[in-house]
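Participant: Please read through the structure below; I'll follow up with questions.
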Amino acid sequence: MDTKELTGAEITIRCLQEEAVDFIFGYPGGAVLFIYDELFKQDKVKHILVRHEQAAVHAADGYARSGNKAGVALVTSGPGVTNAITGIATAYMDSIPMVIISGQVPTPAIGLDAFQEVDTVGITRPCVKHNFLVKDITELATTIKKAFYICATGRPGPVLVDIPKDVSQEKTKFTYPSNVVMRSYNPTSKGHPGQLKKAMQLILGSKRPMIYTGGGVILSNAAAQLTSLVQMLNFPCTNTLMGLGGYPATDKQFVGMLGMHGTYEANMAMQQCDVLIAIGARFDDRVIGNPKHFFNKDRKIIHIDIDPSSISKRVKVDVPIVGNVSHVLIELIKLLETSKEKTNQTALKSWWKQINQWRERDCLKYDRKSPIIKPQMVVEKLYKITKGNAFITSDVGQHQMWAAQFYKFDKPRRWINSGGLGTMGFGLPAAMGVQFANPKGVVACITGEASIQMCIQELSTCKQYNLPLKIINLNNRYMGMVRQWQEFFHGNRYAESYVDALPNFVKLAESYGHVGMKIEQPSDIESALKEAFGLKNRLVFMDFITDQTENVFPMVPGGKGLSEMILV
Amino acid sequence: MENEAGALSRVAGLFSARGYNIESLTVAPTEDSTLSRMTLVTVGSDDVVEQITKQLNKLIDVVKIIDLSDGDHIECELMLVKVRAIGKDRKEIKSTADIFHGRIVDVTDKSYTIELTGTGSKLDAFLETMERKSILETVRTGASGIGRGERILKI
Ligand SMILES: Cc1ncc(C[n+]2csc(CCOP(=O)(O)OP(=O)(O)O)c2C)c(N)n1
C-alpha cells in the first residue's frame, strides 16, 4: 500500500487540525493516552490542561460562546466522562456548539464492567444533540466530521464522540471528508415567504408592538439585523437573560431584560402588547412565568426560531416562522423596506408614552448611600471602569441577576452565563475559555462565594496559562438566591443557605499565585477596581464584602404571571 | 430511521425524558437494510402529538415521520395465545379461533397455541371471548401500520 496508514489517535488529531481547532480543553487518563501521545507530537492544536473535567467542558463552552466557533473538550472514560456531564448539560440547555471527545474502554471490554467503563453514549444521550460510539476505525474521520457539522448547524448543541482505546490504536488510511450528507439531518434555514408576509401584516397593523429576543439572536449572529429591524420600526425591544447584547442595552429603545428578574417596563410591555415578535427565544418559564397568566386574547404572536419544537411548546403562537434568525430577519427587513404601508405612528407614540411611564417606576433602584457595599453598585462601577467593553461571565444566583441588570451589554457574545441549566461553577472555567478565544479581551467573572467554590481549583489552570482574569466575588456569606427564596416563600427559615467556614479568599488567591484583594467600603469600590484592572497581566481575585440582606428586584414569583411582580 | 445501534434507545429515551406515553412500539429493518421502520402508538392531545412529532424529528437518526392517524391506514398486530383446551372446550376454542381467522399453530393434549393477526381491538375481542381462566399466556407484538392506497412513506 502506498499511502501511509494512521492510527485512530493520529486521525483524531488530524481531524481537529482540519477543523482548524486551535484549543482543546481536557484532562488525560488511560483510555485517551494514545490521543494524548499524538497531541504531544504536534503543536497546531494546543491542549489546555484543566483541573477537573467539568471545567474542561465549561471552558470549551466559554470559548464557543464568546468566539463564535465550536469548543472542543477531551476527557477520559468513566469518571472523566461523568465529571464532564454537568458541563455537557449546561451547553445543551443553552444550545452551544461543542464537540466532546471521550475515551472508552477497548471494544472487546465494552459491557464487561471493565475498569473505568461507563455507558457514555447512554449517560450523555439526554444532554447532547447527538452522540456516537466509534467501533470501526474506518468510520472515525467521517464521524468526527459529522460531529463538527451537527454541533454548529440548525439549533446548535454539544455532540460527543466516544472512541474506544483499541480504535485509537488501530490503523487505517486517512482522508478527511470535505462535506457530509445526512439524509436524516437537513436543518431549515430560510423562513417561509408566506409566513413572512403574514408577519409583516401583523407588524404594520400593530398598535402596541413588542420585540422579545433570546439566545437565538446571539447564536445566529443576528445582532446587527435585529438592531436594524428594531430601529427602522421604532419598536421597544427586550432581551432574555440569554439574549443580552443582541440589542444594545444603552439604546433608548431597549427596555431592559424581561422575566423573573426583568424590568417592570419590559414585563408590563410583554403582558400588554398587541403584537409580540419573539425572535430566537423560547417562552421559558423563567421568562414568561405561568403561561396561563401570560395568555392575553388580544395579543398576536409572531415567533421566529430555528427549532420547530420550540414553537407552540409553552405558548401558542399565531405566525410561526421556522428558520435561521439571521436569514429570516434579513428577509423581513427587505419586505418592510419595500412595503408601501407604514407603521401606525400615532399609536406607537402613545405606546411609548405608556412605556416611559412604566420606566419612571425606576424598578432597579437601590440604596446608593448604604454604608455597606451594595452588590449592584459593584457591577455599575465595573461597567464604568471597563467602559462596557469587558467580557463578563457569571455563576448562578443573585450576582448573576445583578450582573445581567446592571452591566449594559451593547455587543453580542460579551455576556456569558449558564441560563438554561443554571450551573454554579460555570463562571471561572467559562472565563478561561473566553480568554483563550479573546487573548486581548478584558475578561471578568462575576460570582458569589458559594458558586466560586464549585470550580475554584481552576485558579491553578489560570496560573499555568497566565490568564489575567478579574474575579468579582460578591461575597454576602449566603447562597443569596436561596436565602431570598427562603425569605419570601419559606418564612425566613434559612435552611442550609449560610455559607459557613469560608476561606480567606485573598490568601487563597495568593497561594495559587494570584493577587487577592478584599474590599469592604463602598468608597473603595472604584479605586480597587481601577487598581485590579490596571494589573493587566495578573489574575486578581476581588472579594467584595456585600450587604447580606440585599434582594434581587423586581421578582416574579414562580407560578405567577409577568405583571405580578414584587417591586422594591 | 437509520438502522444504527442506539437509534431505538434515543426514541425510547425521548419518550421517558419528556413524559410521553408509549402504548406500543415495533421496529425492524426494511428492504433497505440501512433503514429501520418503527411504528409507535401513543396517546395525547393534538398539541402533545404535535410536540412528540417535532421532538422525534429532531433526533438525528430519525429520517421521516408520518402520523398515520392523520389519514386512512391499515394497522395490524400479531398475537400468540396459549389457552387451556381440554375435552369439549377443544372444539369450541377451535371454532372461535376460526371465526377470528386465527390459526392453531401448536397443540398438546391440554392446550392450543393460537396465532391471530389484526387490529388491536380485534385481538382484544378475541381475548374477551376466551374464558379468563383458560388463557395461559399471551404475547403481542404491538401494532405495525401502513398508509392506505397511494399514501406511501418512502425515503
Ligand atoms: C450546581 C448547583 N447547585 C445548586 C444550585 C441552586 N442554587 C441556585 S443559586 C444558589 C446560591 C448561589 O450562591 P452564591 O454563589 O453565593 O451567589 P448569590 O446568590 O449569593 O449571589 C444555589 C445553591 C445551582 N444553581 N447549581
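These protein sequence lines are chains A and B, in that order.
Be aware that the first sequence starts at 4, since it is given in the working numbering, and climbs by one per residue.
Be aware that the second sequence starts at 225, since it is given in the working numbering, and climbs by one per residue.
A virtual CB, placed ideally from N, CA and C, is assigned to each residue, including glycine.
Can a CB atom of chain A be found closer than 9 Å to the CB of Gly243 (chain B)?
Facilitator: The beta carbon of Gly243 (chain B) sits no closer than 9 Å to any beta carbon of chain A.
Participant: By DSSP's criteria, Lys336 (chain B) is part of a beta bridge. Which residues make up the other side?
Facilitator: Checking the sequence shown, residue 336 (chain B) turns out to be Tyr, not Lys. B:Val307, B:Val331.
Participant: Kindly indicate the opening and closing residues of the beta strand (DSSP E) around Leu385 (chain A).
Facilitator: Leu385 (chain A) -> not in any beta strand (DSSP E); alpha helix (DSSP H) instead, spanning 378-388.
Participant: Compare the Cα-Cα distances from Gly259 (chain A) to each of A:Leu367, A:Lys176, A:Asp527, A:Ile324 and report the closest residue.
Facilitator: A:Leu367
Participant: Does Pro415 (chain A) pass the burial test, meaning 16 or more other C-beta atoms within 10 Å, or should it be called exposed?
Facilitator: buried
Participant: Does any CB atom of chain B fall closer than 9 Å to the CB of Lys132 (chain A)?
Facilitator: Yes, Lys132 (chain A) lies at the interface with chain B (some Cβ there is under 9 Å from its Cβ).
Participant: What's the C-alpha gap between Thr349 (chain A) and Gly157 (chain A)?
Facilitator: Rounded to whole angstroms, Thr349 (chain A) to Gly157 (chain A) spans 40 Å at the Cα level.
Participant: Spell out a yes or no on whether the segment 305-322 of chain B and the segment 357-364 of chain B are touching, meaning 3 or more CB-CB pairs, one atom from each, closer than 8 Å.
Facilitator: Yes, they touch.
Participant: Closer than 9 Å, CB to CB, is Lys316 (chain A) near chain B or not?
Facilitator: yes
Participant: Does ligand 1 have even one heavy atom less than 8 Å from the beta-carbon of His402 (chain A)?
Facilitator: Within the cutoff, so yes.
Participant: Any heavy atom of ligand 1 closer than 8 Å to the beta-carbon of Arg158 (chain A)?
Facilitator: no
Participant: Show which residues of chain B have a CB atom less than 9 Å away from the CB atom of Arg285 (chain A).
Facilitator: Correct list: empty, because the minimum Cβ distance to chain B is about 13 Å.
Participant: Relative to ligand 1, is the shortest distance from any of its heavy atoms to the C-beta of Ile522 (chain A) smaller than 8 Å?
Facilitator: no
Participant: How about Tyr30 (chain A) and Leu52 (chain A): are their beta carbons less than 9 Å apart?
Facilitator: Yes, these two residues count as a Cβ contact at 9 Å.
Participant: Since Gly344 (chain B) contacts Ala367 (chain B) with CB under 8 Å, what's their CB separation in whole angstroms?
Facilitator: 6 Å
Participant: Kindly confirm or deny that the segment 371-384 of chain A and the segment 217-226 of chain A touch, where touching means at least three C-beta pairs closer than 8 Å.
Facilitator: no
Participant: Who are the Cβ neighbours of Lys563 (chain A) in its own chain at under 8 Å, not counting the five residues just before and after it?
Facilitator: Close CB contacts of Lys563 (chain A) within its chain, under the 8 Å cut and outside five residues either way in sequence, are with Gly292, Asn293, His296 (chain order).
Participant: May I ask which residues mark the beginning and end of the alpha helix (DSSP H) holding Pro190 (chain A)?
Facilitator: Element bounds for Pro190 (chain A): n/a, residue is neither H nor E.
Participant: Do Ile304 (chain A) and Val278 (chain A) come within 9 Å of each other at the CB atom, strictly closer than that value?
Facilitator: Yes; because the gap between Cβ atoms is below 9 Å, this pair is in contact.
Participant: Can you name the residues of chain B whose CB is closer than 7 Å to the CB of Ser312 (chain A)?
Facilitator: Gln275, Lys278, Gln279, Lys282
Participant: Looking at Thr175 (chain A) and Lys411 (chain A), is the spacing between their C-beta atoms short of 9 Å?
Facilitator: no
Participant: Quick check: Ala150 (chain A) and Ile14 (chain A), are their CB atoms within less than 9 Å of each other?
Facilitator: no
Participant: Which residues in chain B sit within 8 Å of Tyr188 (chain A), going by Cβ to Cβ distance?
Facilitator: Think of a sphere of 8 Å around the beta carbon of Tyr188 (chain A): the chain B residues whose beta carbon falls inside it are Ile284, in chain order.
Participant: Just mark Tyr497 (chain A) as buried or exposed, buried being the case when its beta carbon has 16 or more other beta carbons within 10 Å.
Facilitator: exposed
Participant: Ligand 1 and Leu477 (chain A): does any heavy atom of the ligand fall closer than 8 Å to the residue's C-beta?
Facilitator: yes
Participant: Quick one: is Met185 (chain A) near chain B, going by C-beta distance under 9 Å?
Facilitator: Yes, because at least one Cβ of chain B sits closer than 9 Å to the Cβ of Met185 (chain A).
Participant: Along chain B, which residues have their Cβ under 8 Å away from the Cβ of Pro323 (chain A)?
Facilitator: Ordered by position in chain B, no residue passes the 8 Å Cβ test against Pro323 (chain A), which lies about 11 Å from the chain.
Participant: With burial defined as no fewer than 16 other Cβ atoms inside 10 Å of the residue's Cβ, what is the status of Arg372 (chain B): buried or exposed?
Facilitator: exposed
Participant: On the DSSP letters alone, give me the boundaries of the beta strand (DSSP E) that Pro212 (chain A) sits inside.
Facilitator: 212-216
Participant: Does any residue of chain A have a CB that is nearer than 9 Å to the CB of Lys309 (chain B)?
Facilitator: Correcting the residue identity first, residue 309 (chain B) is Ala in this sequence and not Lys. No, Ala309 (chain B) does not count as interfacial toward chain A.
Participant: So Glu226 (chain B) contacts chain A; which residues on that side make the cut at Cβ distance below 7 Å?
Facilitator: Ser187
Participant: Quick one: does Val265 (chain B) have its CB under 9 Å from some CB of chain A?
Facilitator: Not an interface residue.
Participant: Would the beta-carbon of Ile455 (chain A) be found less than 8 Å away from any heavy atom of ligand 1?
Facilitator: yes
Participant: Tell me whether the beta-carbon of Val164 (chain A) lies closer than 9 Å to the beta-carbon of Val137 (chain A).
Facilitator: yes
Participant: Does Met4 (chain A) come out as helix, strand or coil in the three-state DSSP assignment?
Facilitator: No answer about Met4 (chain A) holds up, because its pLDDT of 46 lies below 50 and its placement is not dependable.
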